Each structure stands twice: as structure tokens, then as C-alpha cells.
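Report on one structure; see the data block that follows.
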């Protein structure tokens, strides 16, 4: 049976992202077959889950936000990851830990019921919060592996002190937290497990610092105004997804790769998807070195210097983003190659496919377009840039109420 054009367009715009790609399918019959197959698969999946899709086109949100019983099914979030960090399960296989105390008086002997006491445990934990709270950390929050920090249902701020450090850890999920006004600090002892504590020198003051870690997912957080980066990943970190975050009022937003000389970062793979880069941002959204970076379906509504930059021959695959350039004529370019002559950076594989350029924005591509290189920098199928408004509409920490869809 033929599908009416209006119905086809409606269905096509809200299908699971698997059928969208940078290259349009040329055979109309093949498109129809793909549509019908996707409808069947989506219907089967919804029946299995027991509730209808929200239809936002954001695959993470459509996976869990429709469920009015999300508070009872919190750990379902661990099955909703996308991109290079999609295998991060956090504390899915552990018990719930309820944070009841926002204090952080003793980083060596943290009080039970505090966030620090929760994250240092040597077993998987899904960490939730008893009520709204502002947590001012006396020292870096050193996370142990297999932890989820889940702020849904309350308003949690980690602010005005030091913030989150993920060092030599794996399987971390940070979701639904407000992270802002992070300060430098250190030169004190800090516990990182029930059996170990050590001396910490001065920290940089990042919102989230990822160091030598893998399978990390930072989702639906609101980040702003930290001393150094909002989210930095260095020293061989990989398998990272940064998604659905709302970032504002900051200079050096995101650093991915330690230094030009630190070649251990050459295997880094990071997905940056469905984020809103908002007001008051200057540069580094992100700034990349050495590895493979998929920048997909983000909304860039503000930058002062540039949006995406890098050095040391990173591969950058930009797809389906919306770039709104500033009014200043000298800052329309999305891209910036740092401290590198053109004869070198012209070989770097940087490309833009399906990006929407507004107010004179432009992306300077480079490289030979080697498929093998871009394959390493591809982590999910891009949605059309025309859908960026809908897929990023919920960026940042959500206001979720128990018993209702989030």
C-alpha cells in the first residue's frame, strides 16, 4: 500500500536515528522499505517497554523520558547511551545510595550519607539525592569506578568549591547535575577508595575532569563559570559521550587531549551530541588533539572567538549541527587550527556534513576525506540539522517530577 506523502514526511522526521545518514538514499522504494521496517521495529520496541515514544527525535530522551514511572525505573538510563560512551553502565548493577547530607567536612574520612562517601565505594552504586541541595566540595570529588550520579527529581548543585574528577576509573555516568563556579584547590589529602587516600596537589578547577578513564557519559547537566574547563578529557581517556548538556558563561569550554606532545591521546574517541552551547561562551566547543571526535546535532548559539578548534592532527567529523555566528565579522569562522601553519593543517581530516550555517558562519574543511579516518570519528547517525531545535530542546539539568513524564 502506498504511503501518503504527508504521512511519510511526518513519520520520517520522527523515526529512530538509525535511518538518517549524511548521504541521502537515492532509491525511493528503498526509502519506503526502510520507513516501514523502522515503524515495525519502533512499534515492537514500544510494546516491549510498555509506553509510547515521546517522538522528540533525541534517541536518549525518547528512551526514558516518556515513562511516568522513570523514578522507579531509574537504572533504565544506563541502557539509553549513544556514541562512543554508550557502554558506560555506571552503577546499574549495584544498589541505590541516597545522599542525605550536602556537607564535605573531611575529604579523608567522609561522613556516610554524603556524596563523597558514596563515590569512593569499591562497588557499583546508583547515587540519588533525598532533596534539593548545594554541595560545596572542600576537595576534588574523586570517583571510583561503576558509579552513577543521578540528580533527577531534585535540584542538585555542585558549586562554589572544587568539582568532579574521574581519574583512572571506568563506567561512570553523571546525569542531571548543575555544575558551576568550580574553584581551584588542593594541597591536602583526599580519599579515593575505602582503603586508600593520597596527597592532591592544586587542581585546575574544571567542572568535570576526565583523566586516564574510559566508558564515561556526561548527560543532561548544566555547566557554567568554572576556573578552567567545563569538561576536560586528557591522558589517554576514551570511549566518552558528552550529551544533552547546556553550557553557558565560560571561556575555555572543553579540552579533549592533554598536549600536542602527548601522543597517548591518539586513540581518544569522544562523541559530543545534542548539547546547547549557549550565551557567554568564548572558545573550545571543543578543542581537540590527536584523536577522533564526532560533533553531531549540537546547537551553537554563541561564541566569541571560535566554536571548534584543535591541534596535533585530530580527526573532526561535524554533522547536523546548527552554527549561529556572532555579528562581529572577524569571528564568523566555526573552526580554528591552533598554532599550526596551513601546510600542515591542510592534511588534517576535518569535515562538515549537513551543518546549518547561520549569520555568515563558515566551516573550513581540510584533509583527504579518508573513509577509514572518518569511520573512527563516527559514532551514530546524524539527524538533519533542521531538527536541532527539537533534539536539543531539553538540554541541561531537567526538572522532573515523580509520577509524570520527565
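Residue numbers (my numbering): 827 to 1232.
The beta-carbon is built from N, C-alpha and C at its ideal position, and this holds for glycine as well.
None of these values were measured; they are calculated from a predicted model.
Residue range of the beta strand (DSSP E) that includes residue i
{"i": "residue 983", "result": "982-985"}
{"i": "residue 1099", "result": "1095-1099"}
{"i": "residue 1205", "result": "That residue, residue 1205, is in no beta strand (DSSP E); it is neither H nor E in DSSP."}
{"i": "residue 1162", "result": "1161-1163"}
{"i": "residue 1061", "result": "No beta strand (DSSP E) holds residue 1061; DSSP gives it neither H nor E."}
{"i": "residue 1177", "result": "1176-1179"}
{"i": "residue 1113", "result": "1113-1115"}
{"i": "residue 1078", "result": "1076-1078"}
{"i": "residue 1043", "result": "1040-1045"}
Nonlocal neighbours in the same chain, by C-beta distance under 6 Å from residue i, ignoring five residues either side
{"i": "residue 962", "result": "986, 987"}
{"i": "residue 775", "result": "Residue 775 falls outside the range modelled here, since the chain spans only 827 to 1232, and no answer is possible."}
{"i": "residue 913", "result": "1041"}
{"i": "residue 1161", "result": "1134, 1189, 1190"}
{"i": "residue 1226", "result": "978, 979, 1232"}
Beta-ladder partner(s) of residue i, from DSSP
{"i": "residue 952", "result": "922, 974"}
{"i": "residue 1014", "result": "1026"}
{"i": "residue 1084", "result": "For residue 1084, which the question treats as bridged, DSSP gives no partner whatsoever."}
{"i": "residue 1035", "result": "991, 1058"}
Cα-Cα separation between residue i and residue j, rounded to whole angstroms
{"i": "residue 1046", "j": "residue 1023", "result": "31 Å"}
{"i": "residue 981", "j": "residue 1172", "result": "46 Å"}
{"i": "residue 919", "j": "residue 1041", "result": "15 Å"}
{"i": "residue 1145", "j": "residue 1180", "result": "6 Å"}
{"i": "residue 1021", "j": "residue 1169", "result": "52 Å"}
{"i": "residue 1164", "j": "residue 1212", "result": "30 Å"}
{"i": "residue 1093", "j": "residue 942", "result": "31 Å"}
{"i": "residue 1078", "j": "residue 1129", "result": "11 Å"}
{"i": "residue 1209", "j": "residue 1016", "result": "43 Å"}
{"i": "residue 1013", "j": "residue 1070", "result": "34 Å"}
{"i": "residue 1224", "j": "residue 892", "result": "13 Å"}
{"i": "residue 882", "j": "residue 931", "result": "43 Å"}
{"i": "residue 1178", "j": "residue 1011", "result": "39 Å"}
Buried or exposed by the 16-neighbour rule on C-beta atoms within 10 Å, applied to residue i
{"i": "residue 971", "result": "buried"}
{"i": "residue 1156", "result": "exposed"}
{"i": "residue 1229", "result": "exposed"}
{"i": "residue 1176", "result": "buried"}
{"i": "residue 967", "result": "buried"}
{"i": "residue 1167", "result": "exposed"}
{"i": "residue 1025", "result": "exposed"}
{"i": "residue 1119", "result": "buried"}
{"i": "residue 957", "result": "exposed"}
Bounding residues of the alpha helix (DSSP H) (the contiguous stretch that carries residue i)
{"i": "residue 886", "result": "885-890"}
{"i": "residue 1216", "result": "1214-1217"}
{"i": "residue 1158", "result": "Here residue 1158 belongs to no alpha helix (DSSP H), and DSSP marks it neither H nor E."}
{"i": "residue 945", "result": "941-945"}
{"i": "residue 1168", "result": "1168-1171"}
Own chain, CB closer than 8 Å to residue i, minus 5 neighbours either side, in chain order
{"i": "residue 1075", "result": "1050, 1051, 1105, 1106, 1107"}
{"i": "residue 870", "result": "Residue placement at residue 870 is poorly supported in this model, since its pLDDT is 40, which falls under 50; the coordinates are not used for a value here."}
{"i": "residue 1214", "result": "1123, 1124, 1125, 1146, 1147, 1148, 1182"}
Same chain, Cβ closer than 7 Å to residue i, neighbours up to 5 away in sequence not counted
{"i": "residue 993", "result": "968, 1037, 1038, 1039"}
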